[in-house]
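A.B. asks: Under the numbering used here, think of the first position of the sequence shown as 2, with each following residue one higher. Glycine included, every Cβ here is placed at the ideal spot set by N, Cα and C.
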Amino acid sequence: MFDPFGVRRSWDAAKQKGFVDAVSWILVVLGGAGLAMSVLQAPVVLLAEMFRGHRAQWAFTVVNFAVLLVVGLGLRRRQPWARIGLLLLLGTTILWYAYCVVAMVNQEELPLVPVAFLRVNEFRIVAIGAAAFWSGVFGWLCYRLLRADVRAEFGGRDV
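1. Is the distance from the Cβ of Leu88 to the Cβ of Ser25 below 8 Å?
2. Should Val30 be labelled buried (16 or more other beta-carbon atoms within 10 Å of its own) or exposed?
3. So, is Arg84 buried or exposed, given that buried needs 16 or more other C-beta atoms within 10 angstroms?
4. Find out if the Cβ-Cβ distance for the pair Pro81, Gly156 is shorter than 8 Å.
5. Cα separation between Phe52 and Ala43?
6. Could you check the C-alpha separation between Asp150 and Arg56 for me, to the nearest Å?
7. Bridge partners for Leu89 per DSSP, in chain order?
8. To the nearest angstrom, how far is the alpha carbon of Gly19 from that of Glu154?
9. Under 8 Å between the Cβ atoms of Ala104 and Leu96?
10. Which two residues bound the contiguous alpha helix (DSSP H) that contains Ala131?
11. Are the Cβ atoms of Ala132 and Val102 separated by less than 8 Å?
12. Less than 8 Å between the CB atoms is what I'm expecting for Val46 and Trp59, so what's the real figure, rounded?
13. Take Cys143 as the anchor and find which of Gly92, Arg120 and Glu109 has the nearest alpha-carbon.
14. In whole angstroms, what is the alpha-carbon distance linking Gly54 and Phe61?
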């Protein structure tokens, strides 16, 4: 019987694929919603004179949401390139958070962060705590994506 969505799976297979399915749906929802909001913002960003200096940042955000959506859809189809792509996205995010933590500890300027915030200890403590928390979550996701049982869902091979 034709089953394009894999509804008829055994309990073990469903349990095994639950992690990848959950991550892929989260990426699809975040990427799709962000892309939809970005498209709705397009007329204002592209036509309003006050956003002239922020168009590159907006375009970068659109590309990021599109990449999240494509990687999420690739994970749904168990494409090995999508797993590697997600590992690269998570790894670069962890490196970015590490850079931010070092810069905040040294009270250096950061892109997109007003200098006045860096002088407020409470802001720095919360920002460092959030970066440490999300780095831990993303590190755990990387660990799970590198495990043999998850690799097996993608055909057991890497790109």
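C.D. replies: Taking the geometry as given:
1. The criterion of a C-beta distance shorter than 8 Å is not satisfied by Leu88 and Ser25.
2. exposed
3. buried
4. Contact: yes.
5. 11 Å
6. 42 Å
7. In DSSP, Leu89 forms no bridge with anything.
8. 11 Å
9. no
10. Asn122 to Leu147
11. yes
12. 5 Å
13. Considering only Gly92, Arg120 and Glu109, the residue with the shortest C-alpha distance to Cys143 is Gly92.
14. Their Cα atoms are separated by approximately 13 Å.
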